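J.: Using the numbering used here, read the sequence shown as starting at 35 and increasing by one per residue. Just so it is clear, CB atoms sit at the ideal spot from N, CA and C, and this is done for glycine as well. Just so it is clear, the structure is predicted and the values come from calculations on it, not from any experiment.
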Amino acid sequence: MDNLELKKSFLTSMRGITSTVCVISAKMNDVRHAMTATSAISISIDPPTMLVSVNKEASIHSLMNKNSFFCINVLSESQQDLAEVCSNSEEGESRFSNNSWKIKESFIYNEQSMSNLFCQCTETMDQSTHTIFIGTVLDVNNNPNQKPLLYGSGKYQN
Numbered sequence: 035m036d037n038l039e040l041k042k043s044f045l046t047s048m049r050g051i052t053s054t055v056c057v058i059s060a061k062m063n064d065v066r067h068a069m070t071a072t073s074a075i076s077i078s079i080d081p082p083t084m085l086v087s088v089n090k091e092a093s094i095h096s097l098m099n100k101n102s103f104f105c106i107n108v109l110s111e112s113q114q115d116l117a118e119v120c121s122n123s124e125e126g127e128s129r130f131s132n133n134s135w136k137i138k139e140s141f142i143y144n145e146q147s148m149s150n151l152f153c154q155c156t157e158t159m160d161q162s163t164h165t166i167f168i169g170t171v172l173d174v175n176n177n178p179n180q181k182p183l184l185y186g187s188g189k190y191q192n
């Protein structure tokens, strides 16, 4: 299988995996960024630890490094608009236009999300076009009456 065919087949396979939609958010001084991701997973409960994979070309990438802080906002099924605005090509402040974004110490988070996992990056690993960020969870907000926004087969699923 040639490389182009392999990439195409791989993408088709990945579309078959339904995932919870998250928005990764980070801030440094007056700069803040947010990006939609389905590549956020738990890797340990003791201590609570999360993994996120971020494309090196994503604007948020410059704010994330070892010891930096980031929030994994697990989106609720009513937050498809937020997922779309944080995944389009417009960057910067347009992603923070609604009033549900709040600041808590070194974090920026969306209070309407199903959950917020406040993480400190403890390890990074380069992997081709992406960097894997491993973060220890320092705090969690939950809105337990909400259901998660899911993405699979190339579309949002409620």
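#1: Looking only at C-alpha atoms, which of K189, C153, E145, Q161 sits nearest to Q180?
#2: Could you give the residue range of the beta strand (DSSP E) that holds V86?
#3: Using the Cβ count rule (16 or more neighbours within 10 Å means buried), how would you classify Q161?
#4: Apart from the five residues just before and just after S47, which ones in its own chain have a Cβ nearer than 6 angstroms to its Cβ?
#5: Going by the beta-carbon positions, is the gap between S197 and N133 smaller than 8 angstroms?
#6: Do P178 and V108 have their C-beta atoms within less than 8 angstroms of each other?
#7: How is G126 classed by DSSP in three states: helix, strand or coil?
#8: For L40, which three-state DSSP category applies?
#9: For E157, name the three-state secondary structure that DSSP assigns.
T.: The structure says:
#1: Closest by alpha carbon: E145.
#2: Per DSSP, the unbroken beta strand (DSSP E) holding V86 starts and ends at 82 to 89.
#3: The residue in question, Q161, is exposed, as its Cβ has fewer than 16 Cβ neighbours within 10 Å.
#4: For S47, where only same-chain residues beyond five positions count, there are no Cβ hits under 6 angstroms.
#5: It is not possible to answer for residue 197, since the shown part of the chain is limited to 35 through 192.
#6: Using a Cβ distance threshold of 8 angstroms, P178 and V108 do not count as a contacting pair.
#7: Residue state, collapsed to three classes: helix.
#8: Correct three-state label for L40: helix.
#9: Strand at E157.
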